[in-house]
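For the sequence shown, the working numbering gives the first residue as -15, with consecutive numbering after it.
C-beta: ideal position from N, C-alpha, C; glycine also.
Step one of this worksheet: look at the structure below.
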Amino acid sequence: MGSSRIPERLGARLRLPVIAAPMLRVSGPELVTAACTAGVVGAFPTANARSSEELDDWITQIEAGVGVGAAPYAANLIMRSPRFETDLDVLVRHRTELVITSVGSPAAAVGPLHSVGATVLADVATVRHAHQAVEAGADGLVLLTAGAGGQTGWLNPFAFVRAVRAFFDGPLVLAGGLSDGAALAALETLGCDLGYMGTAFLATQESRAEEAYKLMVGESSADDVILTSAFTGLPTSMLAPSLRNAGLDTRSLDEKVTPAQAAELFGGQGSGPARWSQLWSAGHSVSGVNEVVSVAELTNRLADEYFAAVGSATARHSNSQPAESL
């Protein structure tokens, strides 16, 4: 499969229109390799590697682990990271095919990545930032919408996609609330080319999440996800059961902290429980996750659902056509 807006060298290798989203502390070479082998983009934050040298080792491992014709991997590059320059050098040296930039303008990365033929997607949460990313040279956009896990967007996905499609005809990736194949078929109808799926891949055997974390995702519903700025200084989707397990009252969280204050309190060195390792995140799609499975099992289920939804839509369209005149 593959949308005409996705470069053929990438789209032709995809079984499904899916990016296994890059997740802090969760996405490692094992998850990325399994995703690519299963026919979807496996993505990971470069910051998950402890150094740029380890990042080099990770990519070497991933490239050796996926077979010829497997789906591409994607590296998520944080633009404001202290390691930006050295991580970018690693990606350029490996001629990484697909790079997702986030937390800042992609401008500084676009030139070097384009010089080795990479496709650059920029992570954005507002229409204004979408305009800026396109002007900076991004090839496509990841639209972070309400309901995504981690630091999330707040715009309705229907409104956000249509607003961006009014001025941009390149690849769009929808992030937020996708849990099954029917949602993937729907996002294509809406005007997107790929879907970001994080929470579902978090609860797989190949993810680096703690087993207790995976089990909590499987036991939780969307009602267990709360939106709070208390732990990062920015709106973040968090699992309320993990907060209560850490002794926190979800009704009295401080929503006025700055990112710096949040880091001091919950960054692992402060007085509060550590975000991500003790305080866990998930998106609204958690309602669609019921058990821990392998990446292969998950993608097989998604494929069954996706092609059933696409087939049903095609059948409905055919049945709605007027009969030929006699």
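Worksheet item: With V270 and S204 assumed to form a contact (beta carbons below 8 Å), what rounded beta-carbon distance in angstroms separates them?
Response: With 8 Å as the limit, V270 and S204 qualify as a contact, their Cβ atoms being about 5 Å apart.
Discussion item. For D208 and G53, I'd like the C-alpha separation in whole angstroms.
Written reply: Taking the straight line from one Cα to the other gives about 39 Å.
Discussion item. If we require 3 or more residues per run, which beta strand (DSSP E) segments fall completely within the region 8 to 72?
Written reply: 25 to 29 and 57 to 62
Discussion item. Short of 6 Å in beta carbon distance, which residues of its chain neighbour A320, apart from the five on each side in sequence? Order them along the chain.
Written reply: Residue 320 lies beyond the residue range present for the chain, which begins at -15 and ends at 310; the question has no answer from this structure.
Worksheet entry | Per-residue DSSP class, three states only, for T212 | strand
Item to complete: Would you kindly work out how many angstroms separate the C-alpha atoms of E248 and P257, rounded to a whole number?
Response: 11 Å
Fill in: G95 - containing alpha helix (DSSP H), residue span
Its alpha helix (DSSP H) spans residues A91 to H98.
Fill in: DSSP state of A196 mapped onto helix, strand, coil
Reduced to three states, the DSSP call for A196 is helix.
Worksheet item: So what's L218 in DSSP terms, helix, strand or just coil?
Response: coil
Practice prompt. Can you have a look at K198 and say buried or exposed, based on whether 16 or more other CB atoms are within 10 angstroms of its CB?
Written response: Counting other Cβ atoms within 10 Å of its Cβ, K198 reaches 16 or more and is therefore classed as buried.
Item to complete: Give the DSSP-derived three-state secondary structure of Q135 in the structure shown.
Response: Strand.
Item to complete: Work out the CA separation of T234 and P(-9) for me, nearest whole Å.
Response: 45 Å
Worksheet item: Can you tell me where the alpha helix (DSSP H) with L226 in it begins and where it stops?
Response: Correcting the residue identity first, residue 226 is Ser in this sequence and not Leu. Run containing S226: A224 to N229, per the alpha helix (DSSP H) assignment.
Worksheet entry | Buried or exposed (CB count within 10 angstroms, at least 16 for buried), E81 | buried
Practice prompt. Give me whichever residues DSSP pairs with I84 in a beta bridge.
Written response: DSSP output for I84 lists N60 and L105 as bridge partner(s).
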